[in-house]
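Following: one structure in structure tokens, then a few remarks.
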Amino acid sequence: MFSLIYSSEAIEPFNFKRLSDLCNKSAGCNQQLDITGYLYYRDGKFIQYLEGEELKVSGLMSRILKDSRHNVTQVIQEEGRTQRRFPNWSMHYLHKGLVHFEDVIGCHLELLKYSKTSSNTDQIWRVLDRLAESRNHNTLN
Ligand SMILES: Cc1cc2nc3c(=O)[nH]c(=O)nc-3n(C[C@H](O)[C@H](O)[C@H](O)COP(=O)(O)O)c2cc1C
């Protein structure tokens, strides 16, 4: 199992329709590749988390990097997990209305912002574990 999280900046702002179209299309493609994860968007910035087989995830990431709708600013990879964090999310749109704990997202954004200067990327994965845990406890749909 291989996972990565990246942040990017949209070239033009995305509205709800564009975001849900992107997620629906992505979910269809990801299902075929057995890739799961989520997409978060706020104020022109994306955070996407992807997990699955290494070659498939890196293949998808190279397409995402070339996508002219955004500029990827940071990619952080994680190897060696045995289980998926979000087995039911082909590409879940993690939007504000569904997120009961903005602190997780806030922390997430801070970590991405500072991780270039911090060598401790473990914190990022701990935040994701919390998100996955809350998902499993059905506090997040
Ligand atoms: C923020 C963002 C996230 C994306 N996430 C995915 C994704 O999870 N799965 C996917 O197949 N395409 C995703 N895409 C679309 C890809 O970048 C790309 O357009 C798509 O895979 C088709 O690639 P192709 O035109 O090279 O065939 C995303 C695009 C953006 C801008």
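Counting in the numbering used here, the sequence shown runs from -14 upward without gaps. We treat Cβ as the ideally placed atom computed from N, Cα and C, and that holds for glycine.
Give me every residue whose Cβ sits closer than 7 Å to any heavy atom of ligand 1, in chain order.
S(-7), L7, K10, S11, C14, N15, I20, G22, L24, F31, Q33, L35, L45, R48, I49, K51, D52, R54, H55, M76
Express the C-alpha separation of L(-11) and E39 in angstroms, rounding to a whole number.
10 Å
Expressed to the nearest angstrom, what Euclidean distance is found between the alpha-carbon atoms of Y26 and T67?
28 Å
Span of the alpha helix (DSSP H) around G13:
1 to 18
Put D107 into one of helix, strand or coil per three-state DSSP.
helix
Taking L(-11) as part of the beta strand (DSSP E), name the residues at either end of that continuous run.
-13 to -5
Cα-Cα separation between Q108 and R115, rounded to whole angstroms
11 Å
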